[in-house]
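Down below is the structure, laid out as structure tokens.
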Amino acid sequence: MGEQDVTRIPLDQTSDACGSGASACFICEIVSGDAAHDLEQVVAEDTGNIAFLSRKPTLVGTVLVAPKHHHEHVVRDLCESSFLSLMSMVYRVARAVETVVSTERMYLLSLGSQQRHSHIHWQIAPLPPGVPYPDQQHHILSAANSAVPWAHEDAVGLAEQIRAALANR
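Under full-length UniProt numbering, the first residue of the sequence shown carries the number 1, and numbering increases by one thereafter.
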């Protein structure tokens, strides 16, 4: 099934708070095991970092990679070795995702702000082949546009494939 064949759904941008004056950080909840969501399947983890499937992906195969400790600034909050460790996991997971999900271009982004999703994280977002250029990049990655339908079974199956690809690297 190509990206054009996927029915997209509107995203609720009022949930998933993480930041100043908001409810608990969703990444910290996943790290602590307190997340009540079954779509965020952990695909990789080491002593300092964690990688898990996005609960509301705008592209099939979107994975978030974050330090386990709550940091809010991508560069200034991490020492060089911690930053390089995080980027090493981003690289390894992105390569594994590419072996599982048909990918024309792999997008790697660090998004969020002090107002929302303040826990730093990188998004690994595989652009599928065949998406027309005007619908790529900012358009397809925007939560304002929509997300792909996602069920628990989808998350479990994809997470298993990504973990297997990581184990074979």
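Cβ atoms here follow ideal geometry from the backbone N, Cα and C, with glycine treated the same way. Keep in mind the model is a prediction, meaning the values are calculated, not measured.
Neighbourhood of residue i by C-beta distance below 8 Å, restricted to the same chain and skipping five residues each side
{"i": "Thr103", "result": "Gly61, Val97, Pro126, Leu127, Pro128 and Pro129"}
{"i": "His71", "result": "Asp77, Leu78, His119 and Ile120"}
{"i": "Asp46", "result": "Ser85 and Met89"}
{"i": "Arg92", "result": "Ala44, Leu166 and Arg169"}
Burial state of residue i, where buried means 16 or more other Cβ atoms lie within 10 Å
{"i": "Ala164", "result": "exposed"}
{"i": "Glu160", "result": "exposed"}
{"i": "Gly21", "result": "In this predicted model, Gly21 has a pLDDT of only 42, less than 50, meaning its place in the structure is not dependable; the value taken from the coordinates is given anyway. Exposed: under 16 other Cβ atoms inside 10 Å."}
{"i": "Arg55", "result": "buried"}
{"i": "Val75", "result": "exposed"}
{"i": "Pro57", "result": "buried"}
{"i": "Gln137", "result": "exposed"}
{"i": "Gln41", "result": "buried"}
{"i": "His152", "result": "exposed"}
{"i": "Ala155", "result": "buried"}
{"i": "Gly157", "result": "exposed"}
{"i": "Gly33", "result": "exposed"}
{"i": "Ala24", "result": "exposed"}
Chain-order list of residues whose beta-carbon lies under 7 Å from that of residue i (same chain, five-residue window excluded)
{"i": "Ala94", "result": "Met106, Leu108 and Ile124"}
{"i": "Ser85", "result": "Gly48 and Asn49"}
{"i": "Val31", "result": "Ile50 and Lys68"}
Assigned secondary structure, residue i (DSSP; H/G/I helix, E/B strand, else coil)
{"i": "residue 174", "result": "With the chain covering 1 to 169 only, the question about residue 174 has no answer from this structure."}
{"i": "Val31", "result": "helix"}
{"i": "Glu40", "result": "coil"}
{"i": "Ala159", "result": "helix"}
Beta-bridge partners of residue i, as assigned by DSSP
{"i": "Val65", "result": "Ala51 and Trp122"}
{"i": "Ala167", "result": "Answer by DSSP bridge pairing: none, since Ala167 is not bridged."}
{"i": "Glu45", "result": "Ile50"}
Please give me, in chain order, every unbroken run of the alpha helix (DSSP H) with length at least 4 that falls completely inside the segment 67 to 143.
If we require 4 residues or more, the alpha helix (DSSP H) runs fully inside the segment 67 to 143 come out as 80 to 100 and 138 to 141.
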